[in-house]
Amino acid sequence: ARKMSVNYSDGLSPYEHKGKCGQPEKFDPQDLVAEKVKKLAEFVRASRHLVVHTGAGISTSAGIPDFRGPKGVWTLEQKGEKPNVSVTFDNARPTLTHMALVALERAGIVKYVITQNVDGLHIRSGFPRNRLSELHGNMFVEECDKCGSQFINSSALPTMGLKPTGNPCLFIKSGDRKCRGRLRDTILDWEDSLPERDLELADKHAKEADLNLTLGTSLQIVPSGNLPLAARKKGGKLVIVNLQPTKHDSKATLKIHAFVDEVMSALCSELGIAIPEFQKPSALLESVHTVKERKLNVFVKDFELSQDSGVNGVKTKHEIKKEEEETKLNDQNLSQENDRCPVKIKSLNEPKVHSETCGILQKGEQNSSEHCKNEDQCEQNLVVKSEQEDNESINEQIIGQSEDQNIDLNGEPSLKRKILPHVFNADQILNSVKVAKLT
Numbered sequence: 001a002r003k004m005s006v007n008y009s010d011g012l013s014p015y016e017h018k019g020k021c022g023q024p025e026k027f028d029p030q031d032l033v034a035e036k037v038k039k040l041a042e043f044v045r046a047s048r049h050l051v052v053h054t055g056a057g058i059s060t061s062a063g064i065p066d067f068r069g070p071k072g073v074w075t076l077e078q079k080g081e082k083p084n085v086s087v088t089f090d091n092a093r094p095t096l097t098h099m100a101l102v103a104l105e106r107a108g109i110v111k112y113v114i115t116q117n118v119d120g121l122h123i124r125s126g127f128p129r130n131r132l133s134e135l136h137g138n139m140f141v142e143e144c145d146k147c148g149s150q151f152i153n154s155s156a157l158p159t160m161g162l163k164p165t166g167n168p169c170l171f172i173k174s175g176d177r178k179c180r181g182r183l184r185d186t187i188l189d190w191e192d193s194l195p196e197r198d199l200e201l202a203d204k205h206a207k208e209a210d211l212n213l214t215l216g217t218s219l220q221i222v223p224s225g226n227l228p229l230a231a232r233k234k235g236g237k238l239v240i241v242n243l244q245p246t247k248h249d250s251k252a253t254l255k256i257h258a259f260v261d262e263v264m265s266a267l268c269s270e271l272g273i274a275i276p277e278f279q280k281p282s283a284l285l286e287s288v289h290t291v292k293e294r295k296l297n298v299f300v301k302d303f304e305l306s307q308d309s310g311v312n313g314v315k316t317k318h319e320i321k322k323e324e325e326e327t328k329l330n331d332q333n334l335s336q337e338n339d340r341c342p343v344k345i346k347s348l349n350e351p352k353v354h355s356e357t358c359g360i361l362q363k364g365e366q367n368s369s370e371h372c373k374n375e376d377q378c379e380q381n382l383v384v385k386s387e388q389e390d391n392e393s394i395n396e397q398i399i400g401q402s403e404d405q406n407i408d409l410n411g412e413p414s415l416k417r418k419i420l421p422h423v424f425n426a427d428q429i430l431n432s433v434k435v436a437k438l439t
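Position 61 of the sequence shown, counting from 1, maps to 61 under UniProt numbering, and the rest follow consecutively.
In structure tokens form, the structure reads like this:
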């Protein structure tokens, strides 16, 4: 398996201008950190468009070395050394900061994330792809050189530097015509241009932001490092969370010298936001807050569409309240139906049965109740779905658009979605990877 930023750095072309490396780290006293986090929480509450910029520092607690820290890849490289790393791209787990961003976006607080990281942990944490710009690429993502469709893989790719992966594009156009393009990785080398769409959206959101928050980045690489300054002319605030000095410290409204996990944990506590535990890799293509946007073809390989109502257990207050109201209303309706109909509702603990054997009187039998006018009325009282309905739901897995699409990278359901008309027929689905389309 490919090692994290060690092999990532080794796979790049030689380059001299890597910025200042090995600068000393500074730690604010605990009481000062607490005071600064309270101030940050005030900024966040007052913000209408919060944009977060992330760098290698948010993944160090996952065992991935940064680049310019005291033990960073390039810092050690200057000494003729290499870091000892055991974690791989495939087995790295999203950190507390990654999961905090998932919760904050879900709650409608974070509007957009711009990252320089290629480790794929934002997507694997369940952060929505259409609220994320990956400016330097993603080790798990391939892109078609013909139609531009992207494919998220469950394992890291073997190439970098925008090189062919050897895989064909699986996008099927109208009329069942295959694209016939070739896939390449999305990892940039030093002289490569940034991805146009991701950079365009990053610039747009950075300019719209009234609060730009940077986490774990020294802001030395351009143009990524300059994006947090985009809103300063309009009065936008800049908050920097980093242990080392950054290129734009003098322009910051607030600087916090502490571990990003510590800061994000305290911030979410101040805001009353629960940070979910990471459970398993999952790819969320669209935010729950998605409105009509420009379309982008993003697919996933080897995964199934999930069926749960939350992303790694995260739900908005509105969703929780709506669920409680629906449960209460359903209980009332079921109670009323029980009073009117002699056919009692089946307990969830009782064996599943087909509708024709659920207690509805068959043709030729005498109906003992005036309230049971027809079989359909009694069938509506059943709690257990029929096996036919279950089988039909299985056939609705592959292609669609939804307000909230979540794909389980391990092939297990984890997010409820609305099914739209299929684009692939059944034979094509079975003979190719399973994909889900982002709009």
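Glycine included, each C-beta is placed from N, C-alpha and C at the ideal position.
For residue i, three-class secondary structure by DSSP
i	result
V110	strand
G181	coil
F43	helix
L157	coil
L162	coil
E105	helix
K173	strand
H98	helix
K20	coil
S133	strand
E325	helix
I64	coil
P168	strand
L382	Bear in mind that the predicted position of L382 carries a pLDDT of just 35, short of 50, making it too unreliable to give a figure here.
L188	coil
L150	According to the sequence as given, residue 150 is Gln; it is not Leu. Three-state DSSP puts Q150 in a strand.
H122	helix
E142	strand
V87	coil
Residue i and residue j closer than 8 Å at C-beta
i	j	result
D192	K163	no
G120	N138	yes
L219	A41	no
K109	A283	Looking at the sequence shown, residue 109 is not Lys but Ile. No, these two residues do not count as a Cβ contact at 8 Å.
L194	L157	no
R131	V113	yes
A231	D210	yes
G216	T88	no
L201	S133	yes
V288	R106	yes
M160	I123	no
V51	N212	yes
N167	E142	yes
T214	P223	no
Contact with chain D by residue i, beta-carbon distance below 8 Å
i	result
P24	Considering every chain present, this structure includes no chain D. It has just one protein chain.
Buried versus exposed call for residue i [16 or more other C-beta atoms within 10 Å across all chains shown]
i	result
S125	buried
P128	buried
Q244	buried
C147	exposed
D331	exposed
G236	buried
G411	Confidence at G411 is low in this model, with a pLDDT of 49, below 50, so the placement of that residue should be treated as unreliable; the coordinate-derived value is given next. Exposed: under 16 other Cβ atoms inside 10 Å.
Q116	buried
G57	buried
P24	exposed
K20	exposed
residue 455	Residue 455 is absent from the model: the chain starts at 1 and stops at 439.
Considering only residues of the segment 231–302, which uninterrupted beta strand (DSSP E) runs meet the minimum length of 3 residues and lie entirely inside it, listed in chain order? 237–241, 254–256, 282–284, 298–300
With three or more C-beta pairs closer than 8 Å as the rule, is the segment 168–185 touching the segment 195–215? no
Is the number of C-beta pairs between the segment 95–102 and the segment 27–46 that are closer than 8 Å three or more? no
Within the segment 190–223, ranges of the beta strand (DSSP E) (whole runs, at least 3 residues): 211–215
If contact is defined by three or more beta carbon pairs under 8 Å, each pair taking one atom from either stretch, is the segment 230–241 in contact with the segment 253–267? yes
Does the count of Cβ pairs from the segment 278–290 and the segment 51–65 closer than 8 Å reach three? no
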